[in-house]
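For the sequence shown, our numbering assigns the number 189 to the initial residue and increments by one for each residue that follows. Structure first, commentary second.
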Amino acid sequence: MATFKDFRNNIKPNWCPGCGDFSVQAAIQRAAANIGLEPENLAVVSGIGCSGRISGYINAYGFHGIHGRSLPIAQGLKMANRELTVIASGGDGDGFAIGMGHTVHAIRRNMNITYIVMDNQIYGLTKGQTSPRSAEGFKTKSTPQGSIESTLAPLEIALSAGATFVAQSFSSNLKQLTSLIEQGLQHEGFSMINVFSPCVTFNKINTYDWFKENIIDLEEIEGYDPSNRIQAMTKLMETGGMLTGLIYQDKQKKSYENLVAGFKEEGLAKQNISLSEEEFHKL
Ligand code: SF4
Ligand code: MG
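In structure tokens, the structure reads:
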């Protein structure tokens with residue numbers, strides 16, 4: 189049985205020392221091992237950005253895609269081989285700016301994949317511009333007077349789009365993050381996990397200390413029920429989206445590929461790999 193070390197490879201990450209993405213990488217490796225996966229059972233797809241490098245640092249199938257497109261690639265992978273456990277990953281710029289159209293439709297499609305967003309509230313790879321997650325007033329090279337745009341609320345959008353699994357964590361909390369990724373991987377349907385993952389080089393506002401002061405752990409909210417969608421939306425709105433933990437889960441809804449005719453018993457790859465295009469479209 190694989191351990192988290194089996195999901196390591198010999199490539200040294202070139203993230204800045206202290207970048208939150210290191211913990212996300214470690215949490216994926218631990219979660220995969222904890223639920224009994226072997227490296228050949230897992231595919232990690234990423235987009236573009238510092239976070240996009242993650243697919244190269246995990247010993248599993250990997251695909252470093254193009255900007256904002258990790259979800260279409262991940263969904264294609266899952267449809268072609270539903271026996272693979274598929275993780276899509278990326279940053280807040282990748283998933284909530286150029287990729288937002290894909291994000292919303294992947295959520296409502298509810299395919300059985302896990303989407304992990306490394307949310308550092310800035311564009312790191314391009315050296316520090318505002319992202320859709322940057323706060324109003326946030327000063328960067330692209331907004332020297334301070335951002336005048338509203339901050340996007342991705343988890344409220346996810347709930348509105350019909351998400352069946354919504355969670356949020358903090359890269360400093362490896363235990364919680366690992367547990368939420370495990371739950372996401374085991375959820376039937378699309379699991380969305382937003383991770384506060386500080387950019388220590390370009391974001392001097394949303395630092396580790398800032399997150400520690402502002403995060404509200406759901407364990408502190410008495411009587412919180414993650415099956416209650418209205419409560420999830422209300423609490424997100426009340427806390428400015430700073431909740432961490434399992435925010436919402438619908439365990440009843442079937443995933444997309446379990447509802448598609450022809451995919452019910454086995455994936456396409458197992459059914460008949462030599463389908464013509466015409467036959468494929470008849471499925
Ligand atoms: Fe991480 Fe920021 Fe460095 Fe990119 S620039 S590797 S996001 S700390
Ligand atoms: Mg970012």
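Ideal Cβ placement from N, Cα and C applies to all residues, glycine included.
Helix, strand or coil: how does DSSP classify residue i here?
| i | result |
| --- | --- |
| residue 440 | coil |
| residue 252 | strand |
| residue 341 | coil |
| residue 406 | helix |
| residue 245 | helix |
| residue 279 | strand |
| residue 412 | coil |
| residue 317 | strand |
| residue 199 | coil |
| residue 353 | strand |
| residue 232 | strand |
| residue 334 | coil |
| residue 326 | coil |
| residue 434 | strand |
| residue 383 | strand |
| residue 273 | strand |
| residue 493 | Lying before the first or after the last residue shown, residue 493 is absent from the chain, which here runs from 189 to 471. |
If you measure from the CB of residue i, is any heavy atom of the ligand MG nearer than 8 Å?
| i | result |
| --- | --- |
| residue 306 | yes |
| residue 405 | no |
| residue 310 | yes |
| residue 196 | no |
| residue 321 | yes |
What does a CB cutoff of less than 6 Å around residue i pick up in its chain, not counting 5 residues either side in sequence?
| i | result |
| --- | --- |
| residue 312 | 238, 387 and 390 |
| residue 190 | 221 and 226 |
| residue 138 | For the chain, the structure presents residues 189 to 471; residue 138 sits outside this window and is missing. |
| residue 232 | 243, 246, 248, 250 and 275 |
| residue 350 | 296 |
| residue 197 | 247 |
Would you grab the beta carbon distance between residue i and residue j for me? Rounded to a whole angstrom, and I think it's under 8 Å.
| i | j | result |
| --- | --- | --- |
| residue 270 | residue 445 | 5 Å |
| residue 317 | residue 330 | 4 Å |
| residue 203 | residue 194 | Incorrect: roughly 22 Å between the Cβ atoms, too far for contact. |
| residue 467 | residue 433 | With a Cβ gap of about 45 Å, residue 467 and residue 433 do not count as contacting. |
Under 8 Å Cβ to Cβ from residue i, same chain only, skipping five residues before and after it: list those, please.
| i | result |
| --- | --- |
| residue 430 | 402, 403 and 404 |
| residue 419 | 412 and 413 |
Answer yes or no: the CB of residue i versus the heavy atoms of the ligand SF4, is any distance below 8 Å?
| i | result |
| --- | --- |
| residue 278 | no |
| residue 283 | no |
| residue 206 | yes |
| residue 391 | yes |
| residue 209 | yes |
| residue 388 | yes |
Cβ of residue i versus every heavy atom of the ligand HEM: is any distance shorter than 8 Å?
| i | result |
| --- | --- |
| residue 237 | By its list of ligands, the structure shown excludes the ligand HEM, since it contains just the ligand SF4 and the ligand MG. |
Can you list, in chain order, the residues of its chain with a C-beta nearer than 7 Å to that of residue i? Leave out the 5 residues immediately preceding and following it.
| i | result |
| --- | --- |
| residue 292 | 345 and 349 |
| residue 421 | 344 and 347 |
| residue 443 | 298, 299, 300, 376 and 377 |
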